[in-house]
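Q:
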């Protein structure tokens, strides 16, 4: 075994995904010595098997729809089909460029990268391949894995990881789960030419979003002929010689070629020595206080491992926070309600803050005001041929506490929405800023004008 004295660091980070590598980069900026332990590839799920590859596929899907719909815009274009090998090559090229850039950042930062599977052997020590690395502080950043609801993954039953490596477009696919991952893959495969059915146990698609967005997404999916069944769970999934039969709890059966299990992600903590080292683990999650400290002094947890929103940018923010906390900078805690959320299906959904039902629960029925601005009055949205809306939720006579948007490309507008909610802006504050015309962004300004009682391009 190597000399332990040579493996002493200020911070040992277990996991090189969004949370882990962000923590490492910020910590070395602050003069800390860092060991970053990763068993697979730096960048983790987000870069290699999540955010980046899925969004590349969604862009390919948008191009496919553009080819199909050219005539609407006076462009003579035809859609001849999808070359999955070429789609995968494009997607992998994007990942490779970002991965090389990340490796360069990590290397130039002077971070000690340890390749291999790490295990916590005590609150200050991680063992990798028989060698021990000791940190004054340890950061747990082991992320999440796809949930499977007990279904055996293999053959024609897959998770998002396998879905990103497919060599051909399925003719028929059933997606179990109608939240973010489910609706994004439904959108891709429909654009690629598949017959898609979503099964969602809760009453609506994207059930965590504001009800107005769920309704509009369902309307848009019906128009796109994406099938979905809500309020019903699956009972069994049986692979046959020629396909898969999905049986629902109401007795309905659906024959399909492929089943995607997209019911969210669970914590990746099993067998890593957390409990043995005295760390509280709750159904796999590692609970922390608002300063991301676990119950064991000097041990922090970040990202998907910590109960709450599972978003790469939450992981980045957690990582930066913990590096600054360890360095004694007393940073502002990361609050889930202030984190922007985007679902990249067509139409896109983007939101920050609390929904109308949550606001009514918090402030009372008489303590909430809302406005919905239809994109029918937005010039750029008309040019793009998208429908949708922006909904603002405010505390009565108080700040805007939620921004909920749906429409093509609306993910790109979530930045201003985030500033509005996190800076606790009043409608009058936003209304006074000039929004460029014609942009989709000006719809945010129009919604604020309406909520401030002086609508311009909408009815009061």
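In my numbering, the protein residues as written are 1 to 460.
All C-beta atoms, glycine included, are put in the ideal place defined by N, C-alpha and C.
#1: Run through DSSP, which three-state label would residue 441 get?
#2: On the premise that residue 158 lies in contact with residue 198, defined as a C-beta separation below 8 Å, what is that separation, rounded to the nearest angstrom?
#3: By the 10 Å Cβ neighbour count, where 16 or more other Cβ atoms means buried, how is residue 464 classified, buried or exposed?
#4: Taking the alpha carbon of residue 402 as the point to measure from, which residue in 44, 396, 206, 421 has its own alpha carbon closest?
#5: Roughly how many angstroms separate the alpha carbons of residue 439 and residue 378, rounded to a whole number?
#6: Run through DSSP, which three-state label would residue 235 get?
#7: Report the residue ranges of all beta strand (DSSP E) runs contained in full by the stretch 227–301; include only those spanning at least 3 residues, in chain order.
#8: Can you name the residues that DSSP bridges to residue 112?
#9: Name the residue from 29, 146, 38 whose alpha carbon lies nearest to the alpha carbon of residue 272.
#10: Please list, in chain order, all residues of the same chain as residue 143 whose beta carbon is under 7 Å from its beta carbon, the five residues on each side excluded.
#11: Are at least three pairs of beta-carbons, each pair with one atom in the stretch 253–263 and one in the stretch 121–135, less than 8 Å apart?
#12: Residue 137: buried (16+ other C-beta within 10 angstroms of its C-beta) or exposed?
#13: Could you tell me the distance, in whole angstroms, from the CA atom of residue 276 to the CA atom of residue 336?
#14: If you drop the 5 nearest sequence neighbours on each side, which residues of the same chain put their C-beta closer than 6 Å to that of residue 148?
#15: Based on DSSP bridge pairs, tell me the residues matched to residue 57.
#16: Just checking, does the stretch 53–65 make contact with the stretch 19–29 on the three C-beta pairs under 8 Å criterion?
#17: Just to confirm my understanding: we take residue 381, look at its own chain, exclude 5 residues before and 5 after, and list those with CB closer than 8 Å. What are they?
#18: Which residues in the same chain as residue 12 place their Cβ atom closer than 6 Å to its Cβ, once the five residues preceding and following it in sequence are excluded?
#19: Does the pairing of the stretch 316–326 with the stretch 352–369 give three or more beta-carbon distances under 8 Å?
#20: Count the other CB atoms within 10 Å of the CB of residue 459; is the residue buried (16 or more) or exposed (fewer)?
#21: If you count every other CB in all the chains shown that lies within 10 Å of the CB of residue 256, and 16 or more means buried, which is it?
#22: Quick check on the burial criterion: 16 or more other C-beta atoms within 10 angstroms. Buried or exposed for residue 100?
#23: Could you tell me if residue 78 is buried or exposed, where buried requires 16 or more neighbouring beta carbons within 10 angstroms of its beta carbon?
#24: If residue 20 sits next to residue 319, beta carbons under 8 Å apart, how far is it from one beta carbon to the other, in whole angstroms?
#25: Going by the CB atoms, is the gap between residue 350 and residue 414 shorter than 8 Å?
A: So, from the data block:
#1: In the structure shown, residue 441 sits in coil (DSSP, three-state: anything other than H, G, I, E or B).
#2: Not confirmed; about 15 Å, so no contact.
#3: This structure leaves residue 464 out entirely; the chain is present only between 1 and 460.
#4: When only C-alpha atoms are compared, the closest one is 421.
#5: Approximately 8 Å between the Cα atoms of the pair.
#6: Strand.
#7: The stretch 227–301 contains, as complete beta strand (DSSP E) runs of 3+ residues, the segments 227–230, 234–239, 244–248, 253–256, 258–261, 265–267, 299–301 (chain order).
#8: Answer by DSSP bridge pairing, in chain order: 35.
#9: Out of 29, 146, 38, 38 has the C-alpha closest to the C-alpha of residue 272.
#10: Closer than 7 Å at the Cβ level, and outside the excluded window around residue 143, lie 15, 17, 44, 45, 268, 303, 304, 305.
#11: At 8 Å Cβ cutoff, the stretches do not touch.
#12: So residue 137 counts as buried.
#13: Rounded to whole angstroms, residue 276 and residue 336 show a C-alpha spacing of 29 Å.
#14: Counting only Cβ-Cβ distances below 6 Å, and skipping sequence neighbours, we find 261.
#15: Residue 57 is not bridged to any residue.
#16: By the C-beta criterion, the stretch 53–65 is judged not to be in contact with the stretch 19–29, since fewer than 3 inter-stretch pairs fall below 8 Å.
#17: Excluding sequence neighbours, residue 381 sits near 375, 387, 388, 407, 408, 440, 443.
#18: Here the set comprises 35, 126, 133, 135, 138.
#19: Flag = no, the stretch 316–326 and the stretch 352–369 do not touch.
#20: So residue 459 ends up on the exposed side.
#21: Residue 256 should be labelled buried.
#22: Exposed, by the Cβ-count rule.
#23: So residue 78 counts as exposed.
#24: About 6 Å; that satisfies the 8 Å criterion.
#25: Between residue 414 and residue 350, the C-beta gap is smaller than 8 Å, which places the two residues in contact.
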